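Reading through the structure tokens given below for one structure.
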Amino acid sequence: MEGLQSFGSITSQGFSGSIITPFSSSYQSTIQRFSTTCILKPAVIVEPATANDISIALKFALGLTRYHIPVPEIAVKGGGVNSAPGVSSTNNGVVFDLAKMKSAKVSPDKKSITVAGGALWSDVYAEADKQGVVVVGGSVHLVGVGGSTLAAGYSPLSGQYGLAIDNMLSAQVVLASGQVINTDEKHEPDLFWAIRGGVNQFGIVTQMTFATHPFPGPITVGSLGYLGTDLPKVLAALHPTLLILPYIEEQKTKPDTVLAPFRTLAKPIFESIFTVNNFTSVSHGADSSITNQPPRVTTNGALISDVWDDTVTSVYQEWLKFTEDPEFQATISMWEFSHRDKIASKPAGSTAFAARSPHYYWTVTARHTNPSNDRKVSDWTSNLAKSVRQAQVKKTGKSLPLPASFAQTPQTVSTQDIYGDNLPKLRKLKARYDPSKVWRTGWVIDPDHS
Ligand SMILES: Cc1cc2nc3c(=O)[nH]c(=O)nc-3n(C[C@H](O)[C@H](O)[C@H](O)COP(=O)(O)OP(=O)(O)OC[C@H]3O[C@@H](n4cnc5c(N)ncnc54)[C@H](O)[C@@H]3O)c2cc1C
Numbered sequence: 001m002e003g004l005q006s007f008g009s010i011t012s013q014g015f016s017g018s019i020i021t022p023f024s025s026s027y028q029s030t031i032q033r034f035s036t037t038c039i040l041k042p043a044v045i046v047e048p049a050t051a052n053d054i055s056i057a058l059k060f061a062l063g064l065t066r067y068h069i070p071v072p073e074i075a076v077k078g079g080g081v082n083s084a085p086g087v088s089s090t091n092n093g094v095v096f097d098l099a100k101m102k103s104a105k106v107s108p109d110k111k112s113i114t115v116a117g118g119a120l121w122s123d124v125y126a127e128a129d130k131q132g133v134v135v136v137g138g139s140v141h142l143v144g145v146g147g148s149t150l151a152a153g154y155s156p157l158s159g160q161y162g163l164a165i166d167n168m169l170s171a172q173v174v175l176a177s178g179q180v181i182n183t184d185e186k187h188e189p190d191l192f193w194a195i196r197g198g199v200n201q202f203g204i205v206t207q208m209t210f211a212t213h214p215f216p217g218p219i220t221v222g223s224l225g226y227l228g229t230d231l232p233k234v235l236a237a238l239h240p241t242l243l244i245l246p247y248i249e250e251q252k253t254k255p256d257t258v259l260a261p262f263r264t265l266a267k268p269i270f271e272s273i274f275t276v277n278n279f280t281s282v283s284h285g286a287d288s289s290i291t292n293q294p295p296r297v298t299t300n301g302a303l304i305s306d307v308w309d310d311t312v313t314s315v316y317q318e319w320l321k322f323t324e325d326p327e328f329q330a331t332i333s334m335w336e337f338s339h340r341d342k343i344a345s346k347p348a349g350s351t352a353f354a355a356r357s358p359h360y361y362w363t364v365t366a367r368h369t370n371p372s373n374d375r376k377v378s379d380w381t382s383n384l385a386k387s388v389r390q391a392q393v394k395k396t397g398k399s400l401p402l403p404a405s406f407a408q409t410p411q412t413v414s415t416q417d418i419y420g421d422n423l424p425k426l427r428k429l430k431a432r433y434d435p436s437k438v439w440r441t442g443w444v445i446d447p448d449h450s
């Protein structure tokens, strides 16, 4: 047995997960991703059941040089919804697919929840709902906890409690050396700092513990739709409140007050506002706009310091033109206007995710079907996102970093754009934790060995 074909031999070393190759019956289903643009063809897929499994398989992969074959490219898949090709898969290399590691358990005192590295937010909310607590996590059930949190982790609860990384209490990480490390503010604090924004660049995060918060009671969610020609009126309604749907705690009084300008200054052509009694339902609020949509997905985005009418309007005009073509009609441009202060209350530099001045975020998610349009879609999303980032610089004199979870590809968004002012420190830490760049998919940090 030689090279990658010999991966199966690790079961004799105590490996308890699964090894999938192109000859396995589950290969085709396992290489699927949320966006079909991200389906690649790895030579081996490792599905670990434990951190120790990762350690065993990783040491084996890195030891392949003994067969005089180069170290394979190694990719890590959490929820698999990131739409940058090559970020969570690889051609001919090895994928660590964390699909078997999905557990979520609230602590006996209900103050925290411990989540395995491959869990989706649906796994977390199912457990949290049962225990009457909420967790600062993604707005949609199918998103991976790993990829969203380790980039920053924006949540419907961010206005109140900050980002997912701000609520992370500890983590377990398998380093490039195969060593399994438990880290928090006191233990390996540099590693704890680096994974909170450094995504997959420091190791495979096999476990995360987050603070929980009491379930606030009924939550009002839903949507209001307007004619596009009413955009100026919607913007006028937005300004005095700086709060927009779909997440408002409480059932009646507060939602009515918050929504009043959105019903009077601008008249919705439809309203679908309802009350839900758990966070699982919150995370299913956008299902109709996500499922059964064209399979090729391209995402990009920008953080912005304020709501600028001219920027919002020009993005809207671009989106209008682009979606005239039925092939691109499912494309969504989304502005998130949660309260900004909580995220900004953390000092700059307190986590590897560098954006700590008050900000909102915007994302564009283009969806299409025909691969021959990939280039057109890629150029359009990239140029649109650049225009929003340029507006940020023009209006404030400073750029804001972009979490890797919202960025299009490493070809269209630079490593400097992702890590911002924290890049020099991240490069030093990369030299300590991953000196030979075992983790080299996504926004790769070059080790600074000086
Ligand atoms: C419908 C939808 C809704 C979304 N909503 C939100 C939202 O509310 N808030 C938000 O912040 N983002 C949101 N996002 C963006 C989302 O956070 C990113 O797409 C994110 O990268 C997805 O993570 P994943 O684990 O599912 O993806 P993957 O494609 O599996 O991974 C993405 C990256 O994270 C790395 N990674 C994943 N897990 C681990 C791990 N355990 N250890 C080390 N590296 C890991 C991978 O190697 C890869 O580099 C949304 C995306 C979609 C499609």
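In terms of full-length UniProt numbering, the sequence shown has 428 at position 428, counting the first letter as 1, and numbering is strictly consecutive.
We treat Cβ as the ideally placed atom computed from N, Cα and C, and that holds for glycine.
Here the structure is a predicted model, which means the values were calculated and not measured.
Should residue i be labelled buried (16 or more other beta-carbon atoms within 10 Å of its own) or exposed?
i: K348; result: Inspection of the sequence shows that residue 348 is occupied by Ala rather than by Lys. Counting Cβ neighbours within 10 Å, A348 comes out exposed, since fewer than 16 surround it.
i: residue 458; result: Coverage of the chain is limited to positions 1 through 450, which leaves residue 458 absent and any answer about it impossible.
i: I204; result: buried
i: L227; result: exposed
i: P240; result: Its pLDDT being 38, under 50, P240 is placed unreliably by the model, and the measurement read from it follows with that caveat. That one is exposed.
i: E185; result: exposed
i: T299; result: buried
i: F353; result: buried
i: K105; result: exposed
i: V393; result: exposed
i: I418; result: buried
i: K130; result: exposed
i: H68; result: exposed
i: N277; result: exposed
i: Q172; result: buried
i: G132; result: exposed
i: F23; result: exposed
i: D109; result: exposed
Starting from the Cα of residue i, find the closest Cα among the options and give me that residue.
i: G397; options: W335, I304, P424; result: I304
i: Q408; options: L163, F192, N383; result: N383
i: R432; options: K105, V87, I54, E188; result: E188
i: W439; options: Q179, N52, V199; result: V199
i: I19; options: S83, D97, S88; result: D97
i: Y361; options: R340, F215, N52; result: R340
i: V307; options: F7, R356, G225, A391; result: A391
i: A84; options: N422, V377, D434; result: V377
i: I332; options: T363, A344, S338; result: T363
i: E73; options: I54, G420, T441; result: T441
i: L157; options: L150, I165, A151; result: I165
i: A366; options: M334, P22, R389, S387; result: M334
i: F215; options: F192, D434, F279; result: F279
i: N91; options: I31, A302, V136; result: I31
i: residue 452; options: S12, S25, N82; result: Residue 452 is absent from the model: the chain starts at 1 and stops at 450.
Kindly examine ligand 1 and report whether one of its heavy atoms sits closer than 7 Å to the Cβ of residue i.
i: N292; result: no
i: F34; result: yes
i: residue 452; result: Shown here, the chain extends from 1 to 450; a query on residue 452 therefore has no answer.
i: Y27; result: no
i: V76; result: yes
i: G86; result: no
i: G138; result: yes
i: T90; result: no
i: F406; result: yes
i: V312; result: no
i: N182; result: no
i: I204; result: yes
i: N200; result: yes
i: L402; result: no
i: N300; result: no
i: T441; result: yes
i: residue 473; result: The structure shown does not extend to residue 473, since the chain is modelled only from 1 to 450, so the question has no answer here.
i: S338; result: no
i: V81; result: yes
i: S357; result: no
i: S223; result: no
i: A151; result: yes
i: Y154; result: yes
Taking only beta-carbon atoms, is residue i less than 8 Å away from chain C?
i: S35; result: Looking at the structure shown, chain C is missing, and only one protein chain is on hand.
For this session: Evaluate the contact criterion for the stretch 67-82 versus the stretch 138-152: three or more CB pairs, one atom per stretch, below 8 Å.
Result: yes
Exercise. Mind pulling the beta strand (DSSP E) runs of 3 or more residues that sit fully within the stretch 348-395?
Worked result: 360-368
Exercise. Quick check: the stretch 312-332 against the stretch 250-269, are there 3 or more CB pairs under 8 Å?
Worked result: no
For this session: Taking only runs that begin and end inside the stretch 6-68, name each unbroken alpha helix (DSSP H) of 4 or more residues, in chain order.
Result: 27-30, 51-62
Problem set entry | the stretch 100-117 contacting the stretch 35-51, beta-carbon criterion three pairs below 8 Å | yes
Exercise. Which residue spans inside the stretch 135-178 form an unbroken alpha helix (DSSP H) run of at least 4?
Worked result: 145-151, 158-161
For this session: Count the CB pairs spanning the stretch 206-222 and the stretch 104-124 that are closer than 8 Å, and state whether there are at least three.
Result: yes
For this session: Output the residue ranges of the beta strand (DSSP E) runs that lie fully inside the stretch 95-121 and measure 3 residues or longer, sorted by chain position.
Result: 104-106, 112-116
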